[in-house]
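>
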Ligand SMILES: Nc1ncnc2c1ncn2[C@@H]1O[C@H](COP(=O)(O)OP(=O)(O)OP(=O)(O)O)[C@@H](O)[C@H]1O
Ligand SMILES: [Mg+2]
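Shown next, in the form of structure tokens:
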């Protein structure tokens, strides 16, 4: 159908009163139809920036992004974002937040309510439909953000640390739930996480990014059979993958931190 | 609790004012007192003067204020949403904002005559700029993240303004609306005092001419009560439209 192809993409943030900043450096990647790709990388390496370019809210400085044959020229609900910071609208009730994308697409009221309720139930928050975001916990709000993105039935789901605010148990449950949704809808997913175990548990392929400016330094196939329920770190195949990813990542994380602390001192 | 505490300051103020009549340093015919003001109450109300002049003021106020709110919010939102339009129009808006609009009363009267239309116009001008200014700053300070969530799902400019920008700037906009209401009240009364055939301002001039400080205070208090009612109505509207605002701590 329509694979996503990111080709030699760079993002340079320009600012009038500071030097321009290269956040993403020549990244190329492909996501096949129905594929689940995870991205790991040190904090500040440009993972969110990359997702923003795929969605279109950030304008790439160079390179091309294609979904199928169409070149990405701006934001679209077909490349739906789940924001790291949730980005709910605080004046809208939960259900109206979930409906938001559909409303922008011009879907009529009763239909969008129906779709939104289904997806709200999928993330386990059906009984909170009339609450306001500030009345929910961080983890619950994050799940509302996921339901909002699912509701527009995107060609590709761009999830930016979507379980970052969840506790370990909820994370596990939501991960399994996400796999169920993914298997049923066969939508593509790019899933940014800092949790290597989570990446292994969920993804077909794991992309490792370098310290800023973000480049792709390694790509690892996760050739573990699905379903992976019950798979734990004690499984030797799991442990091997984990070690391999951590080896690549460790020095990048250290470099990234060292740099951030160094510039702190200045 | 709130009501009782609030009543204390009004009560103490009234008491001091009353004590002045009995013991005080100031001439009661010039500063009046609660007792004298209450005494003048039946006369002012009984003459029917207040009920005769009140509606004209309320009419000018409503007819000028409503469109000022709509126009102020809309222009503020559209201009504030676009960097280019902000750069283009902000100086002009700022200039109007700092110019006392009551200084335009003579010009408006030359244009529109001494009838109700010049008073509606001054109310509009008085209210529109505070609303516009607050709408503008409110829109400029709307959380980036909210705008991004709209943009990410493909919001058009008008959708973003309607569904994200205006609701997101609402508390600031409503502060502007309240400010605008106060300015409108000043505008209409000054216009009526300046030259007019009817209205509270006209009534104030009448009592001024007969040096009736006590009656003047009745009229002023009536205006105060009207203003307070207006403000509390606006606050209620605000609570209704933005129940999510946790900004107010009490
Ligand atoms: N609007 C912006 N203007 C300038 N620089 C920015 C902007 N947004 C992000 N950056 C910079 O770009 C780099 C990458 O940011 P980004 O948010 O993509 O990182 P990330 O990998 O998602 O980090 P994290 O894991 O902490 O979420 C950072 O160094 C950040 O300071
Ligand atoms: Mg990020």
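Chains as they are written, first to last, in my numbering: chain A, 752 to 1017; chain L, 13 to 262. Where is the CB? At the ideal position from N, CA and C, for every residue including glycine.
1. What separation, rounded to the nearest whole angstrom, lies between the Cα atoms of residue 973 of chain A and residue 854 of chain A?
2. Provide the residue(s) that pair with residue 764 of chain A in DSSP beta bridges, ordered along the chain.
3. Pull every residue with its beta-carbon under 6 Å away from any heavy atom of ligand 2, and keep them in chain order.
4. Going by beta-carbon coordinates alone, are residue 1021 of chain A and residue 897 of chain A separated by less than 8 Å?
5. Is residue 761 of chain A close to ligand 1? I mean its beta-carbon at under 7 Å from any heavy atom of the ligand.
6. Looking at the structure shown, is residue 222 of chain L part of a helix, part of a strand, or coil, going by DSSP?
7. Ligand 1 and residue 166 of chain L: does any heavy atom of the ligand fall closer than 7 Å to the residue's C-beta?
8. Out of A/830, A/835 and A/993, state which residue places its alpha-carbon closest to the alpha-carbon of residue 797 of chain A.
9. Give every residue of the same chain whose Cβ lies closer than 6 Å to the Cβ of residue 858 of chain A, excluding the five residues on either side of it in the sequence, and list them in chain order.
10. By the three-class DSSP mapping on this structure, what secondary structure does residue 965 of chain A have?
11. Rounding to the nearest angstrom, what Cα-Cα distance links residue 964 of chain A and residue 813 of chain A in this structure?
12. For residue 192 of chain L versus residue 82 of chain L, is the C-beta distance shorter than 8 Å?
13. Please confirm whether any heavy atom of ligand 1 lies closer than 7 Å to the CB of residue 814 of chain A.
14. Can you list, in chain order, the residues of its chain with a C-beta nearer than 8 Å to that of residue 116 of chain L? Leave out the 5 residues immediately preceding and following it.
15. Indicate, with yes or no, if ligand 1 has a heavy atom lying under 7 Å from the CB of residue 990 of chain A.
16. Nearest by alpha-carbon distance to residue 47 of chain L: which of L/171, L/29 and L/144 is it?
17. Count the other C-beta atoms from every protein chain shown that fall within 10 angstroms of the C-beta of residue 237 of chain L, then say buried if there are 16 or more, exposed otherwise.
18. Quick one: what's residue 789 of chain A bridged to in DSSP?
19. For a contact meaning CB atoms closer than 8 Å, what does residue 171 of chain L contact in chain A?
20. Cβ-heavy atom distance between residue 993 of chain A and ligand 1 below 7 Å?
21. Mapping the DSSP letters down to three states, classify residue 105 of chain L as helix, strand or coil.
22. Residue 176 of chain L touches chain A at which residues, Cβ-Cβ below 8 Å?
23. Would residue 984 of chain A pass as a contact of residue 948 of chain A if the rule is Cβ separation under 8 Å?
24. Which residues of chain A have a Cβ atom closer than 8 Å to the Cβ of residue 95 of chain L, listed in chain order?
25. Distance check for residue 241 of chain L and residue 762 of chain A, CA to CA, integer angstroms please.
26. Where residue 111 of chain L and residue 822 of chain A are concerned, what is the direct C-alpha to C-alpha distance, given to the nearest angstrom?
27. What does the alpha-carbon distance come out to for the pair residue 128 of chain L and residue 199 of chain L?
28. Let me check you understand the geometry: is the CB of residue 774 of chain A closer than 7 Å to at least one non-hydrogen atom of ligand 1?
29. How is residue 777 of chain A classed by DSSP in three states: helix, strand or coil?
30. Can you name, in chain order, every residue of its own chain whose Cβ lies under 8 Å from the Cβ of residue 824 of chain A, other than the five neighbours on each side?
31. With respect to 7 Å, is the separation between the Cβ of residue 827 of chain A and the closest non-hydrogen atom of ligand 1 below this value?
32. Compare the C-beta of residue 254 of chain L against all C-beta atoms of chain A and say whether one is closer than 8 Å.
33. List, in order along the chain, the chain L residues whose C-beta lies closer than 7 Å to that of residue 836 of chain A?
34. What are the start and end residues of the beta strand (DSSP E) that includes residue 815 of chain A?
35. Under 8 Å: do the stretch 907-917 of chain A and the stretch 879-894 of chain A share three or more Cβ pairs, one atom per stretch?
36. So residue 1023 of chain A contacts chain L; which residues on that side make the cut at Cβ distance below 8 Å?
Taking the structure as given:
1. 38 Å
2. A/772
3. A/798, A/799, A/835 and A/911
4. For residue 1021 of chain A there is no data in the structure shown, the boundaries of chain A being 752 and 1017.
5. no
6. coil
7. no
8. A/835
9. none
10. strand
11. 14 Å
12. no
13. no
14. 134 and 137
15. no
16. L/29
17. exposed
18. A/942 and A/957
19. 855
20. no
21. helix
22. 840
23. yes
24. Per Cβ cutoff of 8 Å: no residues; residue 95 of chain L is ~12 Å from chain A at best.
25. 55 Å
26. 51 Å
27. 13 Å
28. yes
29. strand
30. 807
31. no
32. yes
33. 157
34. 813-818
35. yes
36. With chain A represented from 752 up to 1017, any question about residue 1023 of chain A goes unanswered, as that position is not in the structure.
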